[in-house]
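Input: a single structure, listed below in structure tokens.
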Amino acid sequence: MSVVRFDNVGQTYEIHKTGHLVQALSDVTFDVAEKEFCAIVGPSGCGKSTLLHLLAGLKTPTSGEVFFRSHKVEAINTAVGYVTQDSRLLPWMTVVDNIRLPLDIRKVARKERDKLVEEWIALVGLEGFESVYPSQLSGGMQKRCSIARTLVYGPDVLLMDEPFAAVDAITRTVLQQILLDLWSNYQKTVLFVTHDLNEALTLADRIIVMTKRPGRIKAQIEVSIQRPRDVFHVAELPEFTKLHRELWDVFRSEIDGSLSQPERGQD
Ligand SMILES: Nc1ncnc2c1ncn2[C@@H]1O[C@H](COP(=O)(O)OP(=O)(O)OP(=O)(O)O)[C@@H](O)[C@H]1O
Ligand SMILES: [Mg+2]
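Each residue of the sequence shown is one higher than the one before, starting from 767 at the first, in this note's numbering.
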């Protein structure tokens, strides 16, 4: 059964003051199955974050419909955990208070709550920074704090918008492995936006490639690489190289002229 369905979704924004219209998405239709790890890649500005916003119920689409577990999304969708592209930490709360917040809202018992917060602070490597405010953290640390705050309460559907983009390469690999283990051990469904084709291949069951704006679905690539995957070595597998070439061939035609090569014989 599908958890998520985008049905002919289009989104047009009106730019404040100028009234200029920007068509971000056009005719987007796809499903995400229960427990699937689905990555979305596409050029900057093609509407990837908009897709997650629509699913989280932060906006309604200009055309088409978005469904979550067969219900049309018409209000804030509290059933999903959303790691947004900006960290959105509460600046007046310390690291520990930010991470604890979703558990307080859900009235989780104190002992369980404190144990979970401690575990997640350790998992994302923020020990020693519990009492620090977001403005005193580096960009990558803020991101890690925001990831912990979303995962700490165990939502079974995760929307992640370039969650590891601002994190250094080593921490990113560790966090990717944590996410994969969490996904397989706790049967999560994940929609994961990334610019990084290697990251999409490392993590996902299926990769949705979008066109440049207005974003449409250009291709869907099944990632048939065996599981469980070891993020430290997965790129060494021959299937990885083959799929990377396939994905890149699809993707490169969507990148603005910047990569176009002169025709042979022109020079
Ligand atoms: N609130 C808004 N008001 C007006 N235009 C918007 C708004 N949000 C997004 N847009 C426009 O819609 C288009 C798609 O934006 P979106 O953030 O979804 O792209 P994206 O694929 O996530 O890009 P990136 O990879 O750079 O994060 C862009 O042209 C952007 O300027
Ligand atoms: Mg975005």
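We put the CB at the ideal spot given by N, CA and C, even for glycine.
The alpha-carbon of residue 964 is positioned some 15 Å away from that of residue 809. Relative to residue 884, the option among 919, 900, 988 and 969 whose CA is nearest is 919. At a threshold of 8 Å, residue 815 counts as near ligand 2, since its beta carbon sits closer than that to one of the ligand's heavy atoms. In its chain, beyond the 5 residues on either side, 773 and 838 have a beta carbon closer than 6 Å to the beta carbon of residue 831. By the C-beta criterion, the region 843-853 is judged not to be in contact with the region 774-782, since fewer than 3 inter-stretch pairs fall below 8 Å. Residue 850 and residue 928 have their C-alpha atoms some 8 Å from each other. Taking residue 952 as the centre and dropping the five residues before and after it, the same chain places the C-beta of 920 and 922 closer than 8 Å to its C-beta, in chain order. Buried is the label assigned to residue 1020, since at least 16 other Cβ atoms lie within 10 Å of its Cβ.
Between residue 816 and residue 869, the alpha-carbon positions lie close to 27 Å from each other. Counting only runs of 4 or more residues that sit fully inside the region 786-874, the alpha helix (DSSP H) segments are 814-821 and 861-871, in chain order. In this structure, the alpha-carbon of residue 791 lies about 26 Å from that of residue 1009. A residue is called buried when at least 16 other Cβ atoms come within 10 angstroms of its Cβ; residue 981 meets this threshold and is buried. Remark: the shortest separation between the CB of residue 779 and any heavy atom of ligand 1 falls under 8 Å. Where residue 982 is concerned, there is no enclosing beta strand (DSSP E), because DSSP gives it neither an H nor an E. Checking the DSSP bridge columns, you'll see residue 958 partnered with 805 and 926. In the structure shown, residue 965 falls within a helical segment according to DSSP collapsed to helix, strand and coil. Per the C-alpha coordinates, the member of 1007, 945 and 983 positioned closest to residue 803 is 945.
Beta-bridge partners of residue 779 (DSSP): 788. When rounded, the separation of the alpha-carbon atoms in residue 938 and residue 985 is 26 Å.
Ranked by how close their Cα comes to the Cα of residue 880, the residues 890, 863 and 892 have 863 in first place. Between the C-alpha atoms of residue 973 and residue 895 there is a straight-line separation of about 36 Å.
Relative to the Cα of residue 855, the nearest Cα in the group 910, 829, 1013 and 767 belongs to 910. Bounds of any alpha helix (DSSP H) do not take in residue 892, whose DSSP letter is neither H nor E.
Closer than 8 Å to some heavy atom of ligand 2: that describes the Cβ of residue 928.
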